[in-house]
Each structure stands twice: as structure tokens, then as C-alpha cells.
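Have a look at the structure below before the remarks.
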Amino acid sequence: PSRVSFSTGLALSQVSEFSVIIMAMGVKTGLVTQELFSVMVLIAVITFASSTYLIWYDAVLYEWLEPLLKPFESLSFISRSKDEGVAHRGLKPYAIVCGANRVGGAIVEALHKTHHVLAVDYDPRVVERLKERGIPTVYGDISEDDVLERLPFKSARIAIITSSNLPDSLVFLRHVRRMNKKLKVFCTASNAQDALELYAEGASYVIVPFHVGGEHALNVLGLLGRDVAGFSSLKRRHVVSLREKVSRGV
Numbered sequence: 309p310s311r312v313s314f315s316t317g318l319a320l321s322q323v324s325e326f327s328v329i330i331m332a333m334g335v336k337t338g339l340v341t342q343e344l345f346s347v348m349v350l351i352a353v354i355t356f357a358s359s360t361y362l363i364w365y366d367a368v369l370y371e372w373l374e375p376l377l378k379p380f381e382s383l384s385f386i387s388r389s390k391d392e393g394v395a396h397r398g399l400k401p402y403a404i405v406c407g408a409n410r411v412g413g414a415i416v417e418a419l420h421k422t423h424h425v426l427a428v429d430y431d432p433r434v435v436e437r438l439k440e441r442g443i444p445t446v447y448g449d450i451s452e453d454d455v456l457e458r459l460p461f462k463s464a465r466i467a468i469i470t471s472s473n474l475p476d477s478l479v480f481l482r483h484v485r486r487m488n489k490k491l492k493v494f495c496t497a498s499n500a501q502d503a504l505e506l507y508a509e510g511a512s513y514v515i516v517p518f519h520v521g522g523e524h525a526l527n528v529l530g531l532l533g534r535d536v537a538g539f540s541s542l543k544r545r546h547v548v549s550l551r552e553k554v555s556r557g558v
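For the sequence shown, the residue numbers in our numbering are 309 to 558.
Have a look at this one:
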């Protein structure tokens, strides 16, 4: 999708330090003028200073530039299959999980053991990994209308979005509510203010990772105080789970 290409482009926008060395060698051998070298150094300094901020605010920049970038998707050599979209419309999953890496991946793995799950992600590596495990997966960015239109929200019972980007979550939530008002929608927020806004828009429950992490840590500490054997068992299960994630490249 254009969003992936845009983020990749920003990450590669910085001039390499090695290019400065090459240009300096060019000046020394007389192949490059001092004026051209000065321009090159100026460009390098500008990209060194700006690339960090461009990468940090890539979501905001993409939102501004999205209308200009969308037409270029038709030039992509790797396209999302329309047949795949039609096939997924025929599914009747218990849950649709948008964002299947890290937190989303754990949710998909847990639900897949007992229910039919449909995952959505814009990382090709995540998509391939889930497909290898036999989990139906859609390749795409849920901020795009055509991706949302391909998902069978009418037949699902739960919809989950793991991205904490508020604009994306609002687009997702509003679309799901139009398609199926009875669907339980779980969203993710990076702070309390965003969580309240999502609740106001009709979210069934909003996950705030920092709050959840703190509550879990308190539960673990409480378990240590009252059940040492249970705490040791919890630690062993945690280590096994982490090793499984490492082995799968998560």
C-alpha cells in the first residue's frame, strides 16, 4: 500500500555518511569541485536533522499527502488480489483483527485456537507468517476504504483494531458501526483522552496499553506475595511464550 511505501521512503531519505566520505575523496582527486562538495555537505546536514522528525511524524505527513499518493498505487507491481477480497467476503469469522503483529498477533493466536479469525495487516511478512499457519489474512491498510469494504463485518461478532492511531481508529470504528451496529468493537488508544473519544464514538471497549501493562504488573506482584509456586509457574509460561515468539520472528 502507499502508506508502506511512504514510510519506507522517509526512512531512506537521509543522505548516508559514507556518501560524504566518497565526495571528499572526489574533491581530493579533483573529480568533484569544492562548491559541489559544499552543497552535498549542506544537503547531508539538512537530512541528518530532518529525517528523525519525518520518521517520527510519518503518520501525520501521510494523512496530509494521502490524496496525492493514492494514484501511484495503480503503478505497483505487487497488488492486492480482488479475488482474495471476494473470498474473504464469503467468510463468517468470529473475530476480525486489524493489526496482527505484536499485540494483535497474540490476540490472533489465542482466538484462532477456538474460533474462526480473519486477520488484516499491511506488513507482507506478517501476512505470509499467518497464512503459513493457516490463518486467513488480508494484506492491506485499514485506513483505506477499499480494504474495509472487503471485510465481512456483517457476519463477524467481534472486530479489533490494535493500532493506537486515533484517526485510523475513528475511520475503522465508524465504518464498522455503519456495517453492523451489534458488533462488539475493541479499539486501542495511546492515552486516556483518545480512549474517551473512542468510547464517545461507540467503541465497546478501549485498550490503553500503558494502563493494562500497569494493572498486569500489579497482579503479578500480588501473586508473588500470596502464591510463590503460582508466580514461578507464571514465569515459566511467560518464558515459553517469549521463546515461541522469538522462534516465529515476532
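Beta carbons are placed, not taken as given, at the ideal position from N, Cα and C, and that holds for glycine.
Asked	Found
Give a yes or no on whether the C-beta atoms belonging to F345 and Q322 are separated by under 8 angstroms.	no
Taking the C-alpha atoms as reference points, what is the distance between I466 and S324?	46 angstroms
Considering A464, what are the terminal residues of the beta strand (DSSP E) in which it resides?	Segment: none, A464 is in no beta strand (DSSP E) and carries neither H nor E.
In whole angstroms, what separates the C-alpha of D429 from that of V340?	46 angstroms
Below 6 angstroms CB to CB, which residues in the same chain sit around R485 once its five sequence neighbours on both sides are set aside?	G510
Do A525 and V516 have their beta-carbon atoms positioned less than 8 angstroms apart in this structure?	no
Using C-beta distances below 6 angstroms, list every residue in its chain close to K439, excluding the 5 sequence neighbours before and after it, in chain order.	T445
In terms of alpha-carbon separation, which member of P432, E374, I404 and R410 lies closest to L270?	Because the chain in this structure spans residues 309 to 558, residue 270 falls outside the shown range and cannot be described.
My understanding is that S498 touches S472, with C-beta atoms under 8 angstroms, so please give their C-beta distance in whole angstroms.	4 angstroms
Are the C-beta of K336 and some C-beta of chain D separated by less than 8 angstroms?	Considering every chain present, this structure includes no chain D. It has just one protein chain.
Given that a residue counts as buried once 16 or more other Cβ atoms are within 10 Å of its Cβ, and exposed if not, what is G317?	exposed
May I have the straight-line CA-CA distance separating C495 from G412, to the nearest angstrom?	11 angstroms
Thinking C-beta only, is F314 closer than 8 angstroms to Y370?	yes
Does I515 come out as helix, strand or coil in the three-state DSSP assignment?	strand
Answer yes or no: do E505 and L456 have a C-beta to C-beta separation smaller than 8 angstroms?	no
What separation, rounded to the nearest whole angstrom, lies between the Cα atoms of L459 and E436?	18 angstroms
Whole angstroms are fine: how far does the CA of C406 sit from the CA of V514?	14 angstroms
What residue range is occupied by the uninterrupted beta strand (DSSP E) comprising Y447?	T445 to Y447
Near D391, what residues of its chain come up, given a Cβ to Cβ distance below 6 angstroms and the 5 sequence neighbours on each side ignored?	Confidence in D391 is poor, its pLDDT being 40 and thus under 50, which makes the residue's placement unreliable; the coordinate value appears in the next sentence. For D391, where only same-chain residues beyond five positions count, there are no Cβ hits under 6 angstroms.
Can you tell me the Cα-Cα spacing of S512 and R544, whole angstroms?	33 angstroms
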